[in-house]
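So for the sequence shown, UniProt numbering puts the first residue at 1; every next one is plus one.
What follows is a set of notes on a single structure, which appears directly below.
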Amino acid sequence: MLGLLLLSDLLILSTCLLHQYQFIDKSLTWTEAQTYCRRTYTDLATINNSEELKQLLNTLSSAGHMSEIWIGLYSKIIWRWSDGFTGSKEDYKNWNTSDDEPDFISANQFCVLMDNYGKWWDINCNRSHRFICYNGTQLGSDFVLVNKTMIWSSAQRFCRENYINLATVRNDTENQRVRSLLFSGYSAWIGMLRDPNFYWSDGSSVLFTTWDDVSNPIRFKRVICGTTSVQRSGLWRFRPCQKQLQFVCYSSAEPVRKQVVKLRLNMEDSMDLNDPVLKANILKNLQDRLTDNRMSGVTLKWREQRDGEVLHKERKRKRTEF
1 MLGLLLLSDL
11 LILSTCLLHQ
21 YQFIDKSLTW
31 TEAQTYCRRT
41 YTDLATINNS
51 EELKQLLNTL
61 SSAGHMSEIW
71 IGLYSKIIWR
81 WSDGFTGSKE
91 DYKNWNTSDD
101 EPDFISANQF
111 CVLMDNYGKW
121 WDINCNRSHR
131 FICYNGTQLG
141 SDFVLVNKTM
151 IWSSAQRFCR
161 ENYINLATVR
171 NDTENQRVRS
181 LLFSGYSAWI
191 GMLRDPNFYW
201 SDGSSVLFTT
211 WDDVSNPIRF
221 KRVICGTTSV
231 QRSGLWRFRP
241 CQKQLQFVCY
251 SSAEPVRKQV
261 VKLRLNMEDS
271 MDLNDPVLKA
281 NILKNLQDRL
291 TDNRMSGVTL
301 KWREQRDGEV
311 LHKERKRKRT
321 EF
């Protein structure tokens with residue numbers, strides 16, 4: 001652990017009682033439901049812990065409603081390349097649409113695998129597969145199959161240390177070149193991924209989750225919206241935001257109390273300090289510690305600085321000798 005960070009006035013702790021939920025027996029789109037809740041209550045339902053989930057399910061059971069309802073959860077779908085490529089061909093995709101890819105099963109598939117037919121699949125990044133690196137430049141690449149199995153992040157690091165990066169595939173010609181390197185039945189990581197862009201409608205950080213083990217088809221959507229139900233024991237999944245469903249609003253039981261705290265963390269110099277995954281993991285670890293210490297009703301969120309960033313390296317203080 002090398003670099004020392006000073007996170008001054010960056011972490012906001014919000015403390016409040018459990019939310020008060022209200023079931024709304026109107027079928028609206030997610031955006032319409034959000035507007036209704038903000039106008040009539042506080043916002044669409046936010047669920048910060050298992051106690052609030054239980055309370056929401058009790059609200060639905062009391063209303064006799066068992067099927068799906070909107071909650072305030074949503075996710076942005078932003079695919080990007082590991083090497084940062086943003087040229088005119090960055091929107092090229094070759095998903096295996098015959099199997100409804102990308103299907104975002106269990107809401108935990110953020111990396112992309114190519115099969116030996118040249119089709120793309122979204123896959124859990126912590127599974128181990130062979131992978132494709134490239135040499136040269138973004139405009140002229142030589143692809144290389146690495147016949148080792150690694151999780152996506154380890155494959156990315158290997159490619160950056162030994163080649164240029166994980167493969168960026170910009171058109172059918174390059175897709176065919178990568179496919180030609182794969183043996184029958186083999187699949188390989190390529191350099192496409194997306195961040196876990198989960199949000200609550202009221203701006204709270206998504207630290208508590210309870211995903212349903214089902215498909216959440218993305219296709220070419222930019223945003224997908226969250227649902228839950230008593231039938232599925234309160235597990236969450238995503239639906240097209242244009243679907244019409246009943247929904248649950250919330251109002252705060254008392255005014256939210258906020259406190260700003262300072263943190264100093266030891267981290268590796270090579271880390272991207274403002275990587276969304278890194279920041280989300282830090283918050284989740286802190287939230288888990290609060291839960292372990294039986295501190296309920298507390299949620300965490302980052303506080304951005306004037307430059308729009310959250311984390312900064314601490315400047316070394318100069319010593320004056322006499």
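Beta carbons: idealized from backbone N, C-alpha and C, even for Gly.
For residue i, is the classification buried or exposed, using 16 other Cβ atoms within 10 angstroms of its Cβ as the cut-off for buried?
| i | result |
| --- | --- |
| Y117 | exposed |
| S187 | buried |
| S128 | exposed |
| R289 | exposed |
| M66 | exposed |
| N59 | Looking at the sequence itself, residue 59 is Thr, so the reference to Asn does not match. T59 is buried by the Cβ-count criterion. |
| P255 | Summary for P255: the model assigns pLDDT 49, below 50, so the residue's position carries little reliability; its value from the coordinates is reported in the next sentence. Answer is exposed; the Cβ neighbour count stays below 16. |
| S61 | exposed |
| D212 | buried |
| G185 | exposed |
| R39 | exposed |
| G191 | buried |
Whole angstroms is fine: what's the gap from residue i's alpha carbon to residue j's?
| i | j | result |
| --- | --- | --- |
| N266 | R80 | 28 angstroms |
| Q231 | V223 | 25 angstroms |
| K148 | Y163 | 15 angstroms |
| F208 | R177 | 42 angstroms |
| L181 | V144 | 8 angstroms |
| S204 | G72 | 10 angstroms |
| K221 | E101 | 12 angstroms |
| V169 | T42 | 45 angstroms |
| T31 | C241 | 7 angstroms |
| N171 | S50 | 45 angstroms |
| A63 | K54 | 14 angstroms |
| N135 | N175 | 16 angstroms |
| N48 | T210 | 11 angstroms |
| W70 | Q34 | 9 angstroms |
| Y199 | R237 | 13 angstroms |
| A235 | R179 | The amino acid at residue 235 is misidentified as Ala; the sequence shows Leu. Each residue's Cα considered, the two are about 38 angstroms apart. |
| M150 | S233 | 35 angstroms |
| V112 | E52 | 34 angstroms |
| S98 | K313 | 47 angstroms |
| K119 | L286 | 39 angstroms |
| M114 | S106 | 20 angstroms |
| I282 | H19 | 25 angstroms |
| D91 | L311 | 30 angstroms |
| T15 | D275 | Per-residue confidence for T15 stands at a pLDDT of 46, beneath the threshold of 50, marking its modelled position as unreliable; no derived number is given. |
| K279 | F183 | 38 angstroms |
| E161 | V206 | 33 angstroms |
Here's a check: name, in chain order, each residue in its chain whose Cβ is nearer than 6 angstroms to the Cβ of residue i, leaving out the five neighbours to either side.
| i | result |
| --- | --- |
| R156 | Note that residue 156 is Gln in the sequence shown, not Arg. Here the set comprises S82, L166. |
| F131 | V146, A155, A188, W189 |
| T173 | none |
| S141 | Y134 |
| C125 | F110, C111, W152 |
| S75 | N197, F198, I224 |
| E68 | T227, S229, L245 |
| C159 | C133, N165, L166 |
| T86 | none |
| N108 | N124 |
List the whole-angstrom C-beta distance separating residue i from residue j, where the pair is believed to meet the contact cut-off of C-beta under 8 angstroms.
| i | j | result |
| --- | --- | --- |
| R78 | N197 | First, the amino acid is wrong: residue 78 is Ile here, not Arg. Confirmed, Cβ separation roughly 6 angstroms. |
| S215 | D103 | 4 angstroms |
| T227 | R239 | 5 angstroms |
| L56 | A45 | 6 angstroms |
| W121 | N94 | Incorrect: roughly 10 angstroms between the Cβ atoms, too far for contact. |
To which residues of the same chain is residue i closer than 7 angstroms at the C-beta, ignoring the five residues directly before and after it?
| i | result |
| --- | --- |
| L28 | Y36, Q244, F247 |
| R194 | I77, I78, W79, R80, F110 |
| S84 | Reading off the sequence, residue 84 comes out as Gly, not Ser. Result list for G84: empty, nothing under 7 angstroms. |
Give me, in chain order, the residues of the same chain whose beta-carbon lies closer than 8 angstroms to that of residue i; leave out the 5 immediate sequence neighbours on both sides.
| i | result |
| --- | --- |
| Q22 | Y41, T59, V248, C249, Y250, S251 |
| D25 | A63, H65, Q246 |
| P217 | D100, P102, D103, F104 |
message: For a minimum of 3 consecutive residues, which ranges assigned as the beta strand (DSSP E) are wholly contained in the UniProt domain "C-type lectin" (21 to 134)?
response: 69 to 76, 79 to 81, 111 to 114, 120 to 123
message: Please give the ranges of any alpha helix (DSSP H) in the UniProt domain "C-type lectin" (129 to 250), keeping only runs that are unbroken, at least 4 residues long and fully inside the region.
response: 152 to 162, 172 to 179
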